[in-house]
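Enquirer: Residue numbers for the sequence shown follow our numbering, beginning at 1 and rising by one. Glycine is no exception: its CB is placed at the ideal position from the N, C-alpha and C atoms. Sharing a structure with you now.
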Amino acid sequence: MKFYDDDNEEDEFTEEEISLAKGFCDACDKGLPTKYMEEEYDVIISNLMFSQKGDYLKKAIEQAQHDYPDDPEFVIWKMRYLIWNDQRREAQQYMQKVLRHFPASADLYEEIAFIAYTFHLKMNVGELVQKAIEMEPSSNAYFILTNLYLDKGNVDKAFESFKEAHRFDNEVLENIDLLILSNNDSHSDRFKTELQFLQLMCQEFPLSKQVWMIMGTLYALNNQHKDALQAYEFAISIDPDIMGLYAIAKEHYMLKNFYKSIEYCWRIHKSKDLTTHVLLGKSFKELGLYDESLQQLLQANETDPEFPYAFSEIVDVLRLMGRLEDIPKFVGRYYESQHLSLEKLEWVLDCLRTEGHRDAFTQLCLSANKQFNSPLDYCTWLTEFCYMVHCQDIAIHILEENYTDLPDAELYEHLGYFLALLYIANNDPKTGLQHLQNALILNQEGIRRDFLSIDTDMLYTLYPEIYMLVSPYSDHLPDIHNN
């Protein structure tokens, strides 16, 4: 079992605290009774939470609450556990119960407000924060209040609340990225409010590097790259570091200052704390220096094969170099040498499809079956993916060549739906309807919901026969007679 220890500088537990958590777990395994002080329970629960030991964590919280029923700290731990365990409804019900029956405290109000706001629970966060501030004002409470005002677009009140948070704890500036960048939609009202808020922050804290870095990020997200570059340059003039240099290199790339981007990348490389091979490769590519670009991108791929952007850039550079025959070879080696997630596998397949490498695409689709636990799971994925990328003929070929004679009862019941959808999408509705009829005969109790949900309006309008076949199996089909 892994416990957090002080060998990792990110961990905060001493050997004695780790031993305490291990002792609790050992006692649980052996069914031995235990009794700890409140401070010891807090250490045990903290360690188990960060070590993600859910079963032991639940037992520790329950036992702590049993032994110390009046301690609000363990009530807070239970709320955190429920949220951590993705039991949001239970968490909300528990917090409402706590508010009704547990003695009020600023910490309790503040924690409930924070959880309710962060996880969008249906509770009056503003009222909870105000109660916490009335009982015992704190930086955290004002921080939550700042967020509420930003949500409402009230920049002035948000700014005043943040200044109060800073008055109680000036380190709150280091966490400003938790306040800003709450969404990446540059067209939202919240985003525009954040820009105005940060402009006031830059005036109030002109020597805060963190404020200027976040300001640069907001400008970059809003495609104001000249303003972003100025903000980043001001930030590193306060305190130069690698991340600031990298941000500047990226903005020069976005402004098409490719030589400048390369210059900053080389400065970063000297530190050996951050690799910029991908950004260098992209900059060289834009300058038409394909050999240099490929060298950097291959280095990036070697350093971190799971990093997706290097892969797509390599494919693109090979295409620009006219080395089309090398693309499927590279893709094949890449796939065979890496354990790809399904998401990355689809990304690799899409590169092959875009480049027109049909045979390589087909072979990779075939080999993807090792990613799935059952033939049904694989065939479901194959149908949906090939349908979405308009390669339904390849899915038909793979299914008919490899799976129609497979002695798998569960798959056999569903295969007709897959082939029906694929043939219809492949402009062969007659064959598709035959497969659909067979599927309905085999599975009369219901129809696969995914068949009903994909382009239903188009399918049923173009092919009323399909509508007539499937309508007895669903009560939510569109009324095609009105079209």
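Would you grab the beta carbon distance between Met-485 and Leu-198 for me? Rounded to a whole angstrom, and I think it's under 8 Å.
Expert: With the chain covering only 1 through 483, there is no way to say anything about residue 485.
Enquirer: Got a sec, what are the start and stop residues for the alpha helix (DSSP H) Phe-159 sits in?
Expert: For the purposes of this step, residue 159 is identified with residue 159 of the sequence shown, where counting begins at 1. Its alpha helix (DSSP H) spans residues 155-168.
Enquirer: Please report the distance separating the alpha-carbon of Leu-436 from that of Asp-350.
Expert: Here residue 436 corresponds to residue number 436 of the sequence shown, with the count starting at 1. Here residue 350 corresponds to residue number 350 of the sequence shown, with the count starting at 1. Each residue's alpha carbon lies about 28 Å from the other.
Enquirer: Pro-375 and Leu-421 look like a contact to me (Cβ under 8 Å); what is the Cβ gap, rounded to whole Å?
Expert: Within the sequence shown, numbered from 1, the residue matching residue 375 stands at position 375. Within the sequence shown, numbered from 1, the residue matching residue 421 stands at position 421. Not really, about 17 Å apart at Cβ, beyond 8 Å.
Enquirer: Should the region 35-51 be called in touch with the region 63-83, which here means at least 3 C-beta pairs below 8 Å?
Expert: yes
Enquirer: Ignore the nearest five residues each way along the sequence and tell me which others in Lys-282's own chain have a CB closer than 7 Å to its CB.
Expert: Taking the first residue of the sequence shown as position 1, residue 282 is located at position 282. Here the set comprises Tyr-253 and Glu-313.
Enquirer: If we require 4 or more residues per run, which alpha helix (DSSP H) segments fall completely within the region 250-305?
Expert: 258-269, 277-286 and 290-303
Enquirer: Residues in its own chain within less than 6 Å of Lys-131 by CB, not counting five upstream and five downstream?
Expert: Taking the sequence shown and counting its residues from 1, one reaches residue 131 at position 131. Cβ within range, chain order: Tyr-109.
Enquirer: Buried or exposed, going by whether 16 or more other CB atoms sit within 10 Å of the CB of Glu-325?
Expert: As a first step, residue 325 must be located in the sequence shown, where it is residue number 325. So Glu-325 counts as exposed.
Enquirer: Quick check on Met-458: does DSSP put it in helix, strand or coil?
Expert: Residue mapping note: residue 458 aligns to position 458 of the sequence shown, counting from 1. Residue placement at Met-458 cannot be trusted, given a pLDDT of 47 that sits under 50; what the coordinates show is reported in the next sentence. Helix.
Enquirer: Return helix, strand or coil for Asp-377, following the three-state DSSP convention.
Expert: Here residue 377 is taken as the residue at index 377 of the sequence shown, counted from 1. Collapsing the DSSP output to three states places Asp-377 in a helix.
Enquirer: So, for Ser-19: in the same chain, excluding its five sequence neighbours on each side, which residues have a beta-carbon less than 7 Å away from its beta-carbon?
Expert: For the purposes of this step, residue 19 is taken as the residue at position 19 of the sequence shown. For Ser-19, where only same-chain residues beyond five positions count, there are no Cβ hits under 7 Å.
Enquirer: Grab me the residues of Val-129's own chain with a C-beta within less than 8 Å of its C-beta, minus the 5 sequence neighbours each way, in chain order.
Expert: Start at 1 with the first residue of the sequence shown, and residue 129 comes out as number 129. Only Tyr-109, Glu-110, Ala-113, Ala-141, Ile-144, Leu-145 and Leu-148 meet the Cβ criterion.
Enquirer: Give the DSSP-derived three-state secondary structure of His-481 in the structure shown.
Expert: If you number the sequence shown from 1, residue 481 lands on position 481. Here the model assigns His-481 a pLDDT of 39, short of 50, so the residue's position is not dependable and the matter cannot be decided.
Enquirer: Can you give the beta carbon distance from Leu-415 to Tyr-423, rounded, assuming they're within the 8 Å contact cut?
Expert: Position 415 of the sequence shown holds residue 415. Position 423 of the sequence shown holds residue 423. Actually they do not touch by this definition, with Cβ atoms about 12 Å apart.
Enquirer: Where do the ends of the alpha helix (DSSP H) carrying Cys-391 lie?
Expert: As a working note, residue 391 is residue 391 in the sequence shown. Segment: none, Cys-391 is in no alpha helix (DSSP H) and carries neither H nor E.
Enquirer: Can you give me the C-alpha to C-alpha distance between Thr-362 and Phe-284, rounded to a whole angstrom?
Expert: On the sequence shown, residue 362 is found 362 positions in, with the first residue counted as 1. On the sequence shown, residue 284 is found 284 positions in, with the first residue counted as 1. Taking the straight line from one Cα to the other gives about 33 Å.
Enquirer: Among the residues of its own chain, which have a CB less than 6 Å from the CB of Ile-248, if the five just before and after it don't count?
Expert: Working through the sequence shown from its first residue, we reach residue 248 at position 248. Once the five neighbours on either side are set aside, the close Cβ partners of Ile-248 are Tyr-232 and Tyr-264.
Enquirer: Please tell me whether Arg-353 and Val-331 are closer than 7 Å, where the distance is taken between their beta carbons.
Expert: Within the sequence shown, numbered from 1, the residue matching residue 353 stands at position 353. Within the sequence shown, numbered from 1, the residue matching residue 331 stands at position 331. Contact flag unset, no.
Enquirer: I need the straight-line Cα distance from Glu-204 to Leu-173, nearest angstrom please.
Expert: In the sequence shown, the residue the question calls residue 204 occupies position 204. In the sequence shown, the residue the question calls residue 173 occupies position 173. In a straight line, the C-alpha of Glu-204 is about 11 Å away from that of Leu-173.
Enquirer: State yes or no: is the C-beta of Ile-45 nearer than 6 Å to some heavy atom of the ligand MN?
Expert: Within the structure as shown, the ligand MN is missing, as the structure has no ligands at all.
Enquirer: Please classify Ser-208 as buried or exposed, where buried requires at least 16 other C-beta atoms within 10 Å of its C-beta.
Expert: Walking along the sequence shown from the start, residue 208 turns up at place 208. Its Cβ being crowded by 16 or more others within 10 Å, Ser-208 is buried.
Enquirer: Pick from Lys-344, Asn-426, His-357 and Glu-16: whose alpha carbon is nearest that of Thr-383?
Expert: Counting from 1 along the sequence shown, the entry for residue 383 is found at position 383. If we check each option's Cα against that of Thr-383, Asn-426 comes out closest.
Enquirer: Grab the span of the alpha helix (DSSP H) containing Ala-368 for me, first residue to last.
Expert: As a position in the sequence shown, residue 368 is number 368, starting the count at 1. First-last for Ala-368: undefined, no H or E at that position.
Enquirer: Run through DSSP, which three-state label would Met-123 get?
Expert: In the sequence shown, the residue the question calls residue 123 occupies position 123. It is coil, neither helix nor strand.
Enquirer: Just verifying my parser: in three-state terms, what is the DSSP assignment at Phe-102?
Expert: Within the sequence shown, numbered from 1, the residue matching residue 102 stands at position 102. Residue state, collapsed to three classes: coil.
Enquirer: Between which two residues does the alpha helix (DSSP H) holding Val-43 run?
Expert: By one-based count along the sequence shown, residue 43 stands at place 43. Its alpha helix (DSSP H) spans residues 38-50.
Enquirer: Considering Lys-59, what are the terminal residues of the alpha helix (DSSP H) in which it resides?
Expert: Residue numbering aside, residue 59 sits at position 59 when the sequence shown is read from its first letter. Per DSSP, Lys-59 belongs to the alpha helix (DSSP H) from 54-67.
Enquirer: Tell me whether Glu-16 is buried or exposed, calling it buried when 16 or more other Cβ atoms sit within 10 Å of its Cβ.
Expert: Residue 16 sits at position 16 when you count from the first residue of the sequence shown. With fewer than 16 other Cβ atoms within 10 Å, it is exposed.
Enquirer: Indicate whether Phe-102 and Val-75 have their beta-carbon atoms separated by less than 7 Å.
Expert: Sequence index remark: in the sequence shown, residue 102 carries index 102 (1-based). Sequence index remark: in the sequence shown, residue 75 carries index 75 (1-based). It is a contact, given that the beta carbons lie within the stated cut-off.
Enquirer: Would the beta-carbon of Gln-318 fall within 7 Å of that of Ile-327?
Expert: Stepping through the sequence shown from its first residue, residue 318 is reached at position 318. Stepping through the sequence shown from its first residue, residue 327 is reached at position 327. A quick correction: the sequence has Leu, not Gln, at residue 318. Against a cut-off of 7 Å, the Cβ pair of Ile-327 and Leu-318 comes out as a contact.
Enquirer: Measure the C-alpha to C-alpha separation of Glu-401 and Gln-295 and round it to an integer number of angstroms.
Expert: For the purposes of this step, residue 401 is identified with residue 401 of the sequence shown, where counting begins at 1. For the purposes of this step, residue 295 is identified with residue 295 of the sequence shown, where counting begins at 1. One C-alpha to the other measures close to 41 Å.
Enquirer: Can you tell me which of Arg-100, Lys-270 and Gln-96 puts its alpha carbon nearest to the alpha carbon of Lys-122?
Expert: As a first step, residue 122 must be located in the sequence shown, where it is residue number 122. Measuring from the Cα of Lys-122, the nearest candidate turns out to be Gln-96.
Enquirer: Which same chain residues, not among the five before or five after Ile-176, have their C-beta less than 7 Å away from its C-beta?
Expert: Numbered from 1 along the sequence shown, position 176 holds the residue referred to as residue 176. For Ile-176, where only same-chain residues beyond five positions count, the Cβ hits under 7 Å are Gln-210, Val-211 and Ile-214.
Enquirer: Give the DSSP-derived three-state secondary structure of His-435 in the structure shown.
Expert: The residue labelled residue 435 in the question sits at position 435 within the sequence shown. If DSSP states are grouped into helix, strand and coil, His-435 belongs with the helices.
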